[in-house]
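Numbering (our numbering), first residue to last: 30 to 212. Notes follow the structure.
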């Protein structure tokens, strides 16, 4: 257990003189008030609360290369100014690759500017299913706008409702911190 950074939290017997029920957590998570309580059949119940912190849902910007504003002539000059025969003489393939990789990285620093972008969906409740449903809703809307028929309108209404229903149920079912958990 120690090699996987797991810690056993049940220290009392849960069936006779044996510890059969295990609560193992990584050391960075917090379990509060763990106690072995009343019996159910031959076993004793374990009652504890698990302290879970919600992930940071603030929008975090990341920087990407902006190739539309790049100065490729300057990059070509920087890459062309190196004498690769001298740099790579008496080197194996791995070392040559690392040299070339470093030269390309340094050559792209100035000629290719960076821009900040915001991730589109940064919410813990935004699942692959919701992403798929939103995509289907967008496709149904495009079809409805293109053909303007009643079946396409009904399909679009149906997909809108499916997205709304799924998002609501996901938000309703998302786990709360400090929720009492019984095993």
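A virtual CB, placed ideally from N, CA and C, is assigned to each residue, including glycine.
Item, Value
"Euclidean distance between Cα positions of residue 77 and residue 61", "6 Å"
"Close beta carbons around residue 120, own chain, < 8 Å, minus the five adjacent residues each side", "128"
"Contact the stretch 129–145 vs the stretch 166–174: 3+ CB pairs below 8 Å", "no"
"Three CB pairs or more closer than 8 Å across the stretch 155–163 and the stretch 104–124", "no"
"Classification of residue 178 by the beta-carbon crowding that lies within 10 angstroms, buried from 16 upward", "exposed"
"Residue 155 - containing alpha helix (DSSP H), residue span", "Where residue 155 is concerned, there is no enclosing alpha helix (DSSP H), given that its DSSP letter is neither H nor E."
"Proximity below 8 Å, CB of residue 43 to CB of residue 69", "no"
"7 Å Cβ shell around residue 90 - same chain, five flanking residues per side excluded", "145, 146, 147"
"Residues sharing a beta bridge with residue 92, DSSP", "145"
"Whole-number beta carbon distance between residue 52 and residue 63, since they are thought to touch under 8 Å", "7 Å"
"Three-state secondary structure assigned by DSSP to residue 41", "coil"
"Residue 166 versus residue 188: straight-line alpha-carbon distance, rounded", "5 Å"
"Proximity to residue 168 [Cα-Cα], best of 184, 154, 95, 59", "184"
"Length of the line joining the Cα atoms of residue 198 and residue 54", "28 Å"
"Residues near residue 125 in its chain [Cβ-Cβ closer than 7 Å; skip 5 each side]", "117"
"Residue environment, residue 115, which counts as buried when at least 16 other CB atoms sit within 10 Å", "exposed"
"Pairwise C-alpha distance: residue 80 and residue 65", "18 Å"
"Counterpart residues of residue 59 in DSSP-defined beta bridges", "80"
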